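Visitor:
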Amino acid sequence: MVDESVIDAFQMMWGKFPEGVMLIDKSRHILAVNAACATLGFAEGMICSKMGSPESHRGCLANKALAEQKAKFRKISMDGKEFVSFWVPVVGQDNIFLHFTVGMMVDYGICEETIEN
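Residues in the sequence shown are numbered consecutively from 77, following this note's numbering.
1. Is it true that the CB of residue 153 sits closer than 9 Å to the CB of residue 177?
2. Have a look at 86, 151, 99 and flag the residue whose alpha-carbon is nearest the alpha-carbon of residue 142.
3. Do the stretch 129 to 138 and the stretch 114 to 121 meet, that is, are 3 or more Cβ pairs less than 8 Å apart?
4. For residue 158, name the three-state secondary structure that DSSP assigns.
5. Tell me which residues share the same chain as residue 111 and place their Cβ nearer than 8 Å to its Cβ, disregarding the 5 neighbours each side in the sequence.
6. Just to confirm the assignment, what range does the beta strand (DSSP E) spanning residue 171 have?
7. Considering only their Cβ atoms, is the gap separating residue 105 from residue 122 smaller than 9 Å?
8. For residue 163, collect the residues of the same chain with a Cβ closer than 6 Å to its Cβ; drop the 5 residues on either side in sequence, then sort them by chain order.
9. Closest by CA to residue 77, which one among 95, 159, 103?
10. How would you label residue 95, buried or exposed, when you count the other beta carbons within 10 angstroms and need 16 or more for buried?
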């Protein structure tokens with residue numbers, strides 16, 4: 077079980093981020109989600125690798141990020157849109173990582189300077 081202070085820190089830092097963000101353990105159990113991620117139907121206790129189609133997880137870099145303890149990212153194209161997915165190990169927590177995709181919930185291509193949601 078992860079210390080509650082880790083969950084609190086996650087919510088403090090990522091709670092209002094405009095894209096869905098998950099805190100996940102090496103077994104793929106979702107430990108916490110931010111508000112944007114909750115609107116997509118994700119919740120604590122789910123197994124992230126069982127969400128969506130198996131094909132959507134083929135490019136997963138979680139194992140590599142945890143093994144190397146370095147952030148990993150991958151560009152993804154889907155339905156004519158481009159996204160960047162990140163897997164970021166949590167400092168001091170060898171088996172926990174953040175996972176999020178930028179460009180999935182917000183179209184940053186339309187941004188001139190500032191966008192408000």
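Beta carbons: idealized from backbone N, C-alpha and C, even for Gly. On a predicted model such as this, the values are computed, not experimentally measured, just so you know.
Guide: The answer reads as follows:
1. Not in contact: residue 177 and residue 153 (Cβ atoms no closer than 9 Å).
2. The candidate whose alpha carbon is nearest that of residue 142 is 99.
3. Between the stretch 129 to 138 and the stretch 114 to 121 there are fewer than three C-beta pairs closer than 8 Å, too few to call the two in contact.
4. Residue 158: strand per DSSP, three-state reduction.
5. Taken in chain order, the residues that qualify are 91, 92.
6. Counting along the chain, the beta strand (DSSP E) containing residue 171 begins and ends at 169 to 178.
7. Against a cut-off of 9 Å, the Cβ pair of residue 105 and residue 122 comes out as a contact.
8. The answer, listed in chain order, is 137, 138, 141, 148, 173, 175.
9. Considering only alpha carbons, the answer is 103.
10. By the neighbour-count rule (16 or more Cβ atoms within 10 Å), residue 95 is buried.
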